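In the working numbering, the protein residues as written are 7 to 151. For every residue, glycine included, the Cβ atom is placed at its ideal position computed from N, Cα and C. This structure is a prediction, so every number in the text was calculated from the model and none was measured. Below you'll find the structure, written out as structure tokens, and then a few comments.
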Amino acid sequence: MGSCKPRGINAARQLRNNRRINKWADKKWKKHALGTIFKHSPFQGTSHAKGIVIEKIGVESKQPNSAIRKCARVQLIKNSKKVTAFVPYDGTMNYIEENDEVLIAGFGRSGMSVGDLPGVRFKVVKVAGVSLWSLFTEKREKPRA
Numbered sequence: 007m008g009s010c011k012p013r014g015i016n017a018a019r020q021l022r023n024n025r026r027i028n029k030w031a032d033k034k035w036k037k038h039a040l041g042t043i044f045k046h047s048p049f050q051g052t053s054h055a056k057g058i059v060i061e062k063i064g065v066e067s068k069q070p071n072s073a074i075r076k077c078a079r080v081q082l083i084k085n086s087k088k089v090t091a092f093v094p095y096d097g098t099m100n101y102i103e104e105n106d107e108v109l110i111a112g113f114g115r116s117g118m119s120v121g122d123l124p125g126v127r128f129k130v131v132k133v134a135g136v137s138l139w140s141l142f143t144e145k146r147e148k149p150r151a
């Protein structure tokens, strides 16, 4: 049983053509080649984005887990798109109010949802210019608005 790959001294053109055709099946390469990440993703190609908290919500985790994960609906300032962002650390939801300005980042799976959270692709990093971790460890306080 041989592979279907052409071999030999005159095979270069066929190998190159096959590679050119088959790389369109690679999802990441295709998104990069078409520029889809700049046109359609909420961050438009950047790593972080600022937004305004619209509401605080609890997202039910998928089976077999049973929990309500604390999330926030955020409207991005740059393009007015609404996204759901996960709020990490225990009790940090208490530091977030509606109409607060938050900085959100990706959640670690290159635009895919993470773990048992359906449809949640982003996480909150800062609230009112103060990192959520420093609020959680009580090293800094949230500024009075």
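Rounded Cβ spacing between residue i and residue j (contact assumed at less than 8 Å)
i	j	result
R79	K88	6 Å
V130	V93	5 Å
Per-residue DSSP class, three states only, for residue i
i	result
H54	strand
R26	helix
Q20	helix
L123	coil
T90	strand
Cα-Cα separation, residue i to residue j
i	j	result
R9	K33	It should be pointed out that residue 9 corresponds to Ser in this sequence rather than to Arg. Those two C-alpha atoms are separated by around 24 Å.
A91	I110	7 Å
L141	K148	7 Å
R115	G121	10 Å
F113	K62	18 Å
R150	I60	19 Å
Which listed residue (the options) has its alpha carbon closest to that of residue i
i	options	result
I102	L40, R115, V133	V133
G57	I83, E104, N28	I83
Spatial neighbours of residue i in its chain, beta-carbon cut-off 7 Å, leaving aside the 5 residues before and after
i	result
G117	S47, R127
K76	G64, V93, M99
Cβ neighbours of residue i in the same chain (closer than 6 Å, five flanking residues each side left out)
i	result
W35	K29
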